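**Student:** Residue numbers (my numbering): 6 to 146.
I'd like to ask you about the structure that follows.
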Amino acid sequence: MKTSTDTIAGWTRPCALTGPRRSLCPMARLLLLFLMGPALLGWNAPAAPPGGRLRDMAERAGLRPQVLEAALRAHRRAVASRLTTSLLLTVIDYSLPSRMRRLWVLDLATERVLAREYVAHGRNSGDDLARRFSDRAGSLQ
6 MKTSTDTIAG
16 WTRPCALTGP
26 RRSLCPMARL
36 LLLFLMGPAL
46 LGWNAPAAPP
56 GGRLRDMAER
66 AGLRPQVLEA
76 ALRAHRRAVA
86 SRLTTSLLLT
96 VIDYSLPSRM
106 RRLWVLDLAT
116 ERVLAREYVA
126 HGRNSGDDLA
136 RRFSDRAGSL
146 Q
């Protein structure tokens, strides 16, 4: 069996590279773990965050940059927590009045705005802007 040596901090040990029982050198193991770690941990987020094209299109569609950034951060956390694998993101900006289109559907894979629509809030939440919120049944908020 051929062997080679690998040195880590002055420590040398043989490393079997070929033969019936192949094993990897410690450095090769670390490299493999580094490269395969995200896949082994189930991280399946997009390789890179959505680029400028989505940001430009969202801004032209009326979605404020800070709202988009908050939505993208929340989506990345949901993907990292394995709560979703979807690359569709729906954003509602409740700081806008209900008479305006304040719901956007974004495709993160193609970096496109798929829809922009109206969305209502509960009857007892406020007139034009939602000012009160509740999770109690029957509150109509």
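Every residue, glycine too, gets a C-beta built ideally from N, C-alpha and C.
Fair warning: this is a prediction, and the values are worked out from it, not measured in the lab.
1) By the three-class DSSP mapping on this structure, what secondary structure does Asp140 have?
2) How many whole angstroms separate the CB atoms of Val96 and Ala125, which I take to be in contact at a CB cut-off of 8 angstroms?
3) To the nearest angstrom, report how far apart Arg58 and Leu92 are at their CA atoms.
4) Ignore the nearest five residues each way along the sequence and tell me which others in His80's own chain have a CB closer than 7 angstroms to its CB.
5) Just the Cα atoms here: how many angstroms apart are Thr115 and Asp61?
6) In angstroms, rounded to a whole number, what distance separates the CA positions of His87 and Tyr123?
7) Run the CB neighbour count on Ala66, radius 10 Å, all protein chains shown included, and call it buried at 16 or more, exposed below.
8) Taking Val72 as part of the alpha helix (DSSP H), name the residues at either end of that continuous run.
9) Measuring straight from C-alpha to C-alpha, what distance separates Asp140 and Ser100?
10) I'd like the list of long-range same chain contacts for Pro70, defined as Cβ closer than 7 angstroms, with 5 residues on each side in sequence excluded.
11) Val72: which of Leu111, Ala142, Leu119, Thr89 sits nearest, CA to CA?
**Tutor:** Well, looking at it:
1) For the purposes of this step, residue 140 is taken as residue 135 along the sequence shown, with counting starting at 1. If DSSP states are grouped into helix, strand and coil, Asp140 belongs with coil.
2) Along the sequence shown, one-based indexing puts residue 96 at 91. Along the sequence shown, one-based indexing puts residue 125 at 120. The pair is not a contact, with the Cβ atoms about 16 angstroms apart (cut-off 8 angstroms).
3) One-based indexing of the sequence shown puts residue 58 at position 53. One-based indexing of the sequence shown puts residue 92 at position 87. When rounded, the distance between both Cα atoms is 16 angstroms.
4) In the sequence shown, counting from the first residue as 1, residue 80 sits at position 75. Once the five neighbours on either side are set aside, the close Cβ partners of His80 are Leu94.
5) Position 110 of the sequence shown, counted from the start, is the residue given in the question as residue 115. Position 56 of the sequence shown, counted from the start, is the residue given in the question as residue 61. In a straight line, the C-alpha of Thr115 is about 13 angstroms away from that of Asp61.
6) Within the sequence shown, the letter at position 82 stands for residue 87. Within the sequence shown, the letter at position 118 stands for residue 123. Going by the sequence as given, residue 87 is Arg instead of His. Each residue's alpha carbon lies about 30 angstroms from the other.
7) Along the sequence shown, read from residue 1 onward, the residue named residue 66 stands at position 61. That one is exposed.
8) Working through the sequence shown from its first residue, we reach residue 72 at position 67. Val72 -> alpha helix (DSSP H) spans 70 to 85.
9) One-based indexing of the sequence shown puts residue 140 at position 135. One-based indexing of the sequence shown puts residue 100 at position 95. Going by the C-alpha atoms only, they are around 19 angstroms apart.
10) Numbered from its first residue, the sequence shown carries residue 70 at position 65. So the qualifying residues of the chain are Arg60, Glu64.
11) For this step, residue 72 is matched to residue 67 along the sequence shown. Out of Leu111, Ala142, Leu119, Thr89, Leu111 has the C-alpha closest to the C-alpha of Val72.
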